[in-house]
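Notes for the one structure printed next.
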Amino acid sequence: MAVLKVKFTKTRRDKLAQILWILNWVSVVSGVILFSLGLFLKIEIKKRNEVMAKGDINSVPNLLISVGVIACIINFLGGKICYDCSDGNKFSRWKLVMLPYIVCTFCFTFCILVGALMCYTMRNELEESLYLGLKDAIKFYKDTDIPGRCFLKKTVDMLQIGFQCCGNNGFRDWFEIQWVSPRYLNMASKEVVE
Numbered sequence: 001m002a003v004l005k006v007k008f009t010k011t012r013r014d015k016l017a018q019i020l021w022i023l024n025w026v027s028v029v030s031g032v033i034l035f036s037l038g039l040f041l042k043i044e045i046k047k048r049n050e051v052m053a054k055g056d057i058n059s060v061p062n063l064l065i066s067v068g069v070i071a072c073i074i075n076f077l078g079g080k081i082c083y084d085c086s087d088g089n090k091f092s093r094w095k096l097v098m099l100p101y102i103v104c105t106f107c108f109t110f111c112i113l114v115g116a117l118m119c120y121t122m123r124n125e126l127e128e129s130l131y132l133g134l135k136d137a138i139k140f141y142k143d144t145d146i147p148g149r150c151f152l153k154k155t156v157d158m159l160q161i162g163f164q165c166c167g168n169n170g171f172r173d174w175f176e177i178q179w180v181s182p183r184y185l186n187m188a189s190k191e192v193v194e
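With the first letter of the sequence shown counted as 1, position 108 gets the number 108 in full-length UniProt numbering; the numbers rise by one all the way through.
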């Protein structure tokens with residue numbers, strides 16, 4: 001592959017270094033946002049763990065957290081390189097590091113692309129986990145006396161209030177199950193049995 005040789009003057013190299021320095025700091029902020037988003041998602045999944053089906057659903061937040069931290073480190077280093085490249089004395093120190101840094105950045109960009117595709121495909125698994133977990137939680141809604149399920153009723157209620165929904169697919173889900181505990185019903189009554 002032939003690449004034309006480009007000659008930069010000192011002022012053009014300084015201008016390029018300044019622009020790249022700004023882009024690296026924008027990428028550091030993006031890394032912090034990804035880290036925060038991963039942390040938020042991990043906390044939300046942990047809060048709703050009772051109504052989630054068991055499965056490996058923590059891979060999405062873990063991936064976001066790790067990509068955010070690695071993006072911050074790589075782009076912070078890139079910002080340092082760009083800042084030092086604007087100084088002629090420090091430029092020679094970073095000259096040998098630039099090619100490996102660029103290769104590392106391209107590899108990391110490819111990993112981000114693969115990670116984004118993985119997160120997009122894992123979205124369906126998160127939705128399915130919530131769907132199956134909520135379906136089971138609705139089934140056991142009345143079992144507040146059973147150990148391990150005592151807070152399930154409150155969790156389902158708070159989830160439905162928070163997301164302003166009713167049931168899993170709609171309000172008709174509540175007609176398919178018995179959601180009132182037999183402890184509160186007089187099963188000897190003819191009206192209750194009907």
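Built from N, CA and C at the ideal position, the CB exists for glycine as well.
- DSSP, read as helix, strand or coil, puts residue 18 in helix.
- In the DSSP assignment, residue 112 falls within the alpha helix (DSSP H) that extends over 88–139.
- Membership of residue 59 in the alpha helix (DSSP H) is indicated by the continuous run 59–85.
- Secondary structure note for residue 160: its alpha helix (DSSP H) is the uninterrupted segment 152–163.
- Secondary structure at residue 190: helix, using DSSP grouped into helix, strand and coil.
- In this structure, the CA atom of residue 190 is about 21 Å from the CA atom of residue 176.
- Here the alpha carbon of residue 158 sits roughly 34 Å from the alpha carbon of residue 29.
- Under the three-state reduction of DSSP output, residue 9 falls in the coil class, being neither helix nor strand.
- Distance between residue 72 and residue 49, taken at the CA atoms: about 30 Å.
- Ranking 59, 143, 11, 163 by CA distance to the CA of residue 41 puts 59 first.
- The way I'd put it, the segment 62–76 does touch the segment 20–40; three or more beta-carbon pairs between them come closer than 8 Å.
- Contact annotation, residue 24 with residue 78: C-beta distance approximately 4 Å; criterion of less than 8 Å satisfied.
- With distances taken between CA atoms, residue 130 lies nearest to 47 out of 112, 47, 13.
- A straight line joining the alpha-carbon of residue 137 with that of residue 127 spans about 15 Å.
- Look at residue 46 here: in three-state DSSP terms it is helix.
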